[in-house]
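The sequence shown: position 5 = 5 (the UniProt record's numbering), numbered continuously.
C-beta atoms are modelled at their ideal positions from N, C-alpha and C, and glycine is treated no differently.
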Amino acid sequence: MAYALFLAPKLPLPLTLFSTSTNYLPPSHVPLTIPSYRRRRCHDHQNQYRIPVIPSSSSFRNGSTPETECPVPPDQQPINEYQNLSTSYLFSWAFGDAVEYSSRLFVTGLAFTLLVGLPISSFGSIGSEPEPVKLVLGSVATGLFAVTLAVLRMYLGWAYVGNRLLSATVEYEETGWYDGQIWVKTAEVLARDRLLGSFQVKPLLSRLKNTLIGLAASLFICFLLLTYSEGTQQDPSRPSNQAHDRVIAGVYSDNSARSFEPDAFSGDSGFP
1 MAYALFLAPK LPLPLTLFST STNYLPPSHV PLTIPSYRRR RCHDHQNQYR IPVIPSSSSF
61 RNGSTPETEC PVPPDQQPIN EYQNLSTSYL FSWAFGDAVE YSSRLFVTGL AFTLLVGLPI
121 SSFGSIGSEP EPVKLVLGSV ATGLFAVTLA VLRMYLGWAY VGNRLLSATV EYEETGWYDG
181 QIWVKTAEVL ARDRLLGSFQ VKPLLSRLKN TLIGLAASLF ICFLLLTYSE GTQQDPSRPS
241 NQAHDRVIAG VYSDNSARSF EPDAFSGDSG FP
């Protein structure tokens, strides 16, 4: 028995256990296929696989929009219009605090009162008795009117920019008024513009509106005082209801002739 086992032929061992070749294939139940996105990333070198670049906050400050291709010209984009107004001389007054804002309006009104209103009121009272009340009221009304125009200009400018920021579309002109276009904002642009419009522009419009109401009330009071002063400072020596002072066109009378040519009747004793 032992001799028979010794003489039995030996089966060769599988070469795959000792082979160092790289042609070894694993079992079919363990696939080693490379995912498609990895193959595309490895073999695509011609910009066919790109990672979208998210713009930083500095690009927003420079006026660029999150979208890659914006057809709106830079000077007509709402974000750039907002930045231009916020850095301009007149429209930037609304950004100051209450003291700074009020002081600038007061200085503007005082300058127009002294440099424009006072000379005009003084020139209108030449040749007559001085009326200080009317002079002061006229000068103050001139200053208030100038400040009202300045605040109204600021309100109209900020209202226009605020409406463009809050709107979901942007109306723009490529080369002129005859080729107007409408561009629909992307989600990122709309969110950014509405944040600016809600938290920056709306408070400014509320402040300017309250200022306009106060200036309009002040102007109305000045005109009422001017009207009252004119009614109380009429000349009592020449009442308008006296019949002998009336002059009727086309009718001759001694009283009317004496009023126009007093020197011709100086020697006439029939007249006082």
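Output needed for Glu81: all residues of its chain with C-beta closer than 6 Å, excluding positions within five of it in sequence on either side, in chain order. Counting only Cβ-Cβ distances below 6 Å, and skipping sequence neighbours, we find Val161.
Could you check which residue in Met154, Leu156, Gly157, Lys185 has the C-alpha nearest to that of Thr169? Lys185
How is Thr33 classed by DSSP in three states: helix, strand or coil? With a pLDDT of 46 at Thr33, under the threshold of 50, the predicted position of this residue should be treated as unreliable, though the coordinate-derived value follows. Coil at Thr33, not helix or strand.
Based on DSSP bridge pairs, tell me the residues matched to Gln181. Tyr172
Per-residue DSSP class, three states only, for Gln83: helix
Tell me the rounded alpha-carbon separation between Arg204 and Gln76. A small correction: the amino acid at residue 204 is Leu; Arg does not occupy that position in the sequence shown. Roughly 21 Å separates the two Cα atoms.
If you run the structure through DSSP and keep just helix, strand and coil, what is Gly197? helix
Compute the Euclidean distance between the alpha carbons of Leu110 and Pro74, then round it to the nearest angstrom. 39 Å
Reduced DSSP secondary structure (H/G/I, E/B, other) of Ser122: helix
Name the residue from Gly176, Phe145, Leu196 whose alpha carbon lies nearest to the alpha carbon of residue 275. Absent from the structure is residue 275, since the part of the chain shown begins at 1 and ends at 272.
Using the Cα positions of Tyr172 and Glu230, report the straight-line distance between them to the nearest angstrom. Distance from the CA of Tyr172 to the CA of Glu230, rounded to the nearest whole angstrom, comes to 53 Å.
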